[in-house]
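Okay, structure first, notes after.
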Amino acid sequence: MTSYLIVNARVFDGSGTPAVPAEVLVEDNRIAVVAERVPDERRAGAEVVDGGGAVLMPGLVDGHAHLGFGSTVEHTSNRREPEEEKSLLIAHCGRVMLDHGFTSCYSGGNRMPQAEASARKAFAEGWLPGPRLRSASWEGSAGMVSPGHYDFPGIDNRESDPQSIRDFVNAMADLGVDIVKVSLTGESAVVAGTSRVMQFTEEEVAVAAETARERGVWLTAHAHSAEAVTMAVRHGIRAVYHATFADDEAIEALTEARDRVFVAPTPGIIWAHLNDQEHPATEGMETQATFESICRVAPELYKRGVRLVIGGDYGFALNPIGRNARDLRLFVEWFGLSPAEALRCAHEFGGQIMDMGDELGLVREGYLADLLLVDGDPTQDISLMEDPANFSLIMKDGQIHKLDPDRRRDRVAAGG
Ligand SMILES: [Zn+2]
Numbered sequence: 003m004t005s006y007l008i009v010n011a012r013v014f015d016g017s018g019t020p021a022v023p024a025e026v027l028v029e030d031n032r033i034a035v036v037a038e039r040v041p042d043e044r045r046a047g048a049e050v051v052d053g054g055g056a057v058l059m060p061g062l063v064d065g066h067a068h069l070g071f072g073s074t075v076e077h078t079s080n081r082r083e084p085e086e087e088k089s090l091l092i093a094h095c096g097r098v099m100l101d102h103g104f105t106s107c108y109s110g111g112n113r114m115p116q117a118e119a120s121a122r123k124a125f126a127e128g129w130l131p132g133p134r135l136r137s138a139s140w141e142g143s144a145g146m147v148s149p150g151h152y153d154f155p156g157i158d159n160r161e162s163d164p165q166s167i168r169d170f171v172n173a174m175a176d177l178g179v180d181i182v183k184v185s186l187t188g189e190s191a192v193v194a195g196t197s198r199v200m201q202f203t204e205e206e207v208a209v210a211a212e213t214a215r216e217r218g219v220w221l222t223a224h225a226h227s228a229e230a231v232t233m234a235v236r237h238g239i240r241a242v243y244h245a246t247f248a249d250d251e252a253i254e255a256l257t258e259a260r261d262r263v264f265v266a267p268t269p270g271i272i273w274a275h276l277n278d279q280e281h282p283a284t285e286g287m288e289t290q291a292t293f294e295s296i297c298r299v300a301p302e303l304y305k306r307g308v309r310l311v312i313g314g315d316y317g318f319a320l321n322p323i324g325r326n327a328r329d330l331r332l333f334v335e336w337f338g339l340s341p342a343e344a345l346r347c348a349h350e351f352g353g354q355i356m357d358m359g360d361e362l363g364l365v366r367e368g369y370l371a372d373l374l375l376v377d378g379d380p381t382q383d384i385s386l387m388e389d390p391a392n393f394s395l396i397m398k399d400g401q402i403h404k405l406d407p408d409r410r411r412d413r414v415a416a417g418g
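One rule links them: number in the numbering used here = place in the sequence shown (from 1) + 2.
Below, the structure is given as structure tokens:
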């Protein structure tokens, strides 16, 4: 058995309560002991990591990332690579996420779902570095044309076609994805003025929900408009992305469903558009309206106990993988959460959106050993999370992905 003893750290357990001095013993892939001092008989033989007064916290969980868009802080994708290269980029994105402290990722959609499912396997089996992954389908849109086809024509000029969405959900379930993603609205940042245009009929969404239940996959809705948010809730869709223009009724619907729904308000991509000097946002992109509305909606949802998760559509060239922790800062600066509350969205709620809330997302005895040591106090200064140079330890599933050599101490002698 491999064991690690982390000493001289303050433990932020991921639930939002303040960090407290504690030692943590990891045995194999689980947190075995969290205590003021781990008893002598348990310490024997453990490799020691000196926390150096840093904060020890759970690994981060991103609830809305796109490994398939292929751009990271190390590499910019032109989105036109051959399929084989795109597959490699998915793996590349996973490694960059892990380097930045993200030990889990709930995918926001991938136009190569089979490749993403393979990446999930590779990361889980440990032969490629990457986060625990919930893998997703491609993003189904009106008419179900083909992966990567985004034109958002809406429902006005076509017949309702429930069979097409049943076939889609079944085909994706056959590939073994965890999540089927449907774009209930368009996206103004991609096609001007479509964020509030419905892309599926009530009947189609009902069939998607029914098929997903039959096949044991989760649904995620891309939903900017109030109408789309309430429709998602009405049909039991598990994750709602954006929720930008939620009105009182939509906020109330999410509130009533708060025990079964997660919301990713996705500020990161808005920030990226607002700060894109090269391509300033055009009127049709609705960037300013999106920004203003989500800054009203997200705090309201949080106040009502709706579980928000971080994840800002990272993966685009202007919003690359590796910047994911910016969402934590935007949860504080834009939505008014405290740093500890923002971290809870990435930890406790992150574990829950992964459907592993009883073993992931907290520093607790029996939980999986996904851990970060962060220099400084991120519960005071959340921006510390954006620079991986502050992470002296990144551990996933009890395996060290990164350890600052200065923090390595001699093994505790066997027998005490
Ligand atoms: Zn997305």
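For each residue, glycine too, the CB sits at the ideal point set by N, CA and C. Here the structure is a predicted model, which is why all the values come from computation and not from measurement.
Can you tell me whether K305 is buried or exposed? The criterion is at least 16 other CB atoms within 10 Å of its CB, across all chains shown. On the sequence shown, residue 305 is found 303 positions in, with the first residue counted as 1. When all chains shown are included, K305 counts as exposed.
Nearest-angstrom Cα separation, counted from R44 out to A416: One-based indexing of the sequence shown puts residue 416 at position 414. One-based indexing of the sequence shown puts residue 44 at position 42. Answer to the nearest angstrom: the Cα atoms are 10 angstroms apart.
Return yes when the Cβ of L374 is within less than 9 angstroms of the Cβ of G61, no when it is not. Here residue 61 is taken as the residue at index 59 of the sequence shown, counted from 1. Here residue 374 is taken as the residue at index 372 of the sequence shown, counted from 1. A contact, by the Cβ cut-off of 9 angstroms.
In whole angstroms, what is the alpha-carbon distance linking S5 and D101? Reading the sequence shown from its first residue, position 3 is the one you call residue 5. Reading the sequence shown from its first residue, position 99 is the one you call residue 101. Rounded to whole angstroms, S5 to D101 spans 22 angstroms at the Cα level.
For D315, verify whether its CB is less than 8 angstroms away from any heavy atom of ligand 1. Taking the sequence shown and counting its residues from 1, one reaches residue 315 at position 313. Answer for D315: yes, Cβ within range of ligand 1.
Alpha helix (DSSP H) containing H94: first to last residue? Position 92 of the sequence shown, counting from 1, holds the residue named residue 94. It spans E85 to D101 - the alpha helix (DSSP H) in which H94 sits, taken as one unbroken run.
With H, G and I counted as helix, E and B as strand and the rest as coil, what does DSSP make of V209? Position 207 of the sequence shown, counting from 1, holds the residue named residue 209. Three-state result, V209: helix.
Which value, in whole angstroms, describes the spacing of the CA atoms of A21 and V75? Taking the first residue of the sequence shown as position 1, residue 21 is located at position 19. Taking the first residue of the sequence shown as position 1, residue 75 is located at position 73. So the alpha carbons of these two residues sit roughly 30 angstroms apart.
Taking 8 angstroms as the cut-off, is the C-beta of T289 nearer than that to any heavy atom in ligand 1? The residue given as residue 289 occupies position 287 in the sequence shown. Flag unset: Cβ of T289 not near ligand 1.
Please indicate yes or no: does the CB of Y243 lie closer than 8 angstroms to some heavy atom of ligand 1? Locating residue 243 in the sequence shown gives position 241, counting from the first residue. Result yes, Cβ under 8 angstroms from ligand 1.
For L276, does the three-state DSSP call read helix, strand or coil? As a working mapping, residue 276 is identified with position 274 in the sequence shown. Reduced to three states, the DSSP call for L276 is helix.
Taking 8 angstroms as the cut-off, is the beta-carbon of T292 closer than that to any non-hydrogen atom of ligand 1? The residue you call residue 292 lines up with position 290 of the sequence shown. Shortest gap from the CB of T292 to any heavy atom of ligand 1: 8 angstroms or more.
Tell me the rounded alpha-carbon separation between W2 and R97. Only positions 3 to 418 of the chain appear in the structure, and residue 2 is not among them; the question remains open.
So, at 6 angstroms on beta carbons, what are the nonlocal neighbours of G18 in its own chain, with the 5 sequence-adjacent residues on each side left out? By one-based count along the sequence shown, residue 18 stands at place 16. Hits under 6 angstroms: A342, E343 and R346.
Short Cβ contact (9 angstroms threshold) for R113 with G150: The sequence position of residue 113 within the sequence shown is 111, counting from 1. The sequence position of residue 150 within the sequence shown is 148, counting from 1. In this structure, G150 lies closer than 9 angstroms to R113 by Cβ.
Quick check on M233: buried or exposed, where buried means 16 or more other Cβ atoms within 10 Å of its Cβ? Position 231 of the sequence shown holds residue 233. Result: buried.
Three CB pairs or more closer than 8 angstroms across the segment 334 to 341 and the segment 359 to 375: Short answer: they don't touch.
The alpha helix (DSSP H) that contains P301, what's its start and end? Residue mapping note: residue 301 aligns to position 299 of the sequence shown, counting from 1. It spans T289 to K305 - the alpha helix (DSSP H) in which P301 sits, taken as one unbroken run.
Looking at G317: is its Cβ nearer than 9 angstroms to the Cβ of L90? The residue labelled residue 317 in the question sits at position 315 within the sequence shown. The residue labelled residue 90 in the question sits at position 88 within the sequence shown. No; because the gap between Cβ atoms is not below 9 angstroms, this pair is not in contact.
Once you ignore the five residues that flank P2 on each side, which residues in its own chain have a CB closer than 7 angstroms to its CB? Absent from the model: residue 2. The displayed extent of the chain is 3 to 418, so no value can be given.
Comparing the CB of H237 with every heavy atom of ligand 1, is any distance shorter than 8 angstroms? In the sequence shown, residue 237 corresponds to position 235, counting from 1. Flag unset: Cβ of H237 not near ligand 1.
With DSSP as the reference, identify every bridge partner of N321, one or two as the case may be. Locating residue 321 in the sequence shown gives position 319, where the first residue counts as 1. Answer is F318.
Is the beta carbon of M59 less than 9 angstroms from the beta carbon of N326? Start at 1 with the first residue of the sequence shown, and residue 59 comes out as number 57. Start at 1 with the first residue of the sequence shown, and residue 326 comes out as number 324. Their beta carbons are not under 9 angstroms apart, which means M59 does not touch N326 by this criterion.
Please report how far the alpha carbon of A225 lies from the alpha carbon of G188, in whole angstroms. Stepping through the sequence shown from its first residue, residue 225 is reached at position 223. Stepping through the sequence shown from its first residue, residue 188 is reached at position 186. So the alpha carbons of these two residues sit roughly 8 angstroms apart.
Hey, quick one: how far does the beta strand (DSSP E) through G142 stretch, first residue to last? By 1-based counting over the sequence shown, the position of residue 142 is 140. Run containing G142: A138 to G142, per the beta strand (DSSP E) assignment.
Do F202 and L221 count as a contact pair if the criterion is CB distance below 9 angstroms? Counting from one through the sequence shown, the residue named residue 221 turns up at place 219. Counting from one through the sequence shown, the residue named residue 202 turns up at place 200. Not in contact: L221 and F202 (Cβ atoms no closer than 9 angstroms).
Put E49 into one of helix, strand or coil per three-state DSSP. Here residue 49 refers to the residue found at position 47 of the sequence shown. Here E49 sits in strand by DSSP.
Does the distance from the C-beta atom of R107 to that of R134 stay below 9 angstroms? In the sequence shown, counting from the first residue as 1, residue 107 sits at position 105. In the sequence shown, counting from the first residue as 1, residue 134 sits at position 132. Correcting the residue identity first, residue 107 is Cys in this sequence and not Arg. Their beta carbons are under 9 angstroms apart, which means C107 touches R134 by this criterion.
Counting only beta-carbon atoms, is I157 nearer than 9 angstroms to chain D? Here there is only one protein chain, and chain D is not present.
Can R168 and A210 be called in contact, C-beta distance under 9 angstroms? Residue mapping note: residue 168 aligns to position 166 of the sequence shown, counting from 1. Residue mapping note: residue 210 aligns to position 208 of the sequence shown, counting from 1. Their beta carbons are under 9 angstroms apart, which means R168 touches A210 by this criterion.
Close-in-space but distant-in-sequence residues of the same chain around G353 (CB under 7 angstroms, 5 per side omitted): By one-based count along the sequence shown, residue 353 stands at place 351. Excluding residues within five positions, the ones whose Cβ falls inside 7 angstroms are V63, G359, L362, G363 and L364.
Along the beta strand (DSSP E) that carries S394, what are the first and last residues, could you check? In the sequence shown, the residue the question calls residue 394 occupies position 392. Looking at the DSSP string, the run of the beta strand (DSSP E) that includes S394 is F393 to K398.
Which residue comes first and which comes last in the alpha helix (DSSP H) that contains L345? Taking the first residue of the sequence shown as position 1, residue 345 is located at position 343. Run containing L345: P341 to A348, per the alpha helix (DSSP H) assignment.
Smallest Cα separation from V13: which of L7, A34 and V26? Position 11 of the sequence shown holds residue 13. Checked all of L7, A34 and V26; the closest Cα to V13 is V26.
R136 and S109 - do their beta-carbons sit closer together than 9 angstroms? Here residue 109 refers to the residue found at position 107 of the sequence shown. Here residue 136 refers to the residue found at position 134 of the sequence shown. Note that the C-beta distance between S109 and R136 is below 9 angstroms.
Rounded to the nearest angstrom, how far is the Cβ of V51 from that of R411, given a contact under 8 angstroms? Residue mapping note: residue 51 aligns to position 49 of the sequence shown, counting from 1. Residue mapping note: residue 411 aligns to position 409 of the sequence shown, counting from 1. Confirmed, Cβ separation roughly 7 angstroms.
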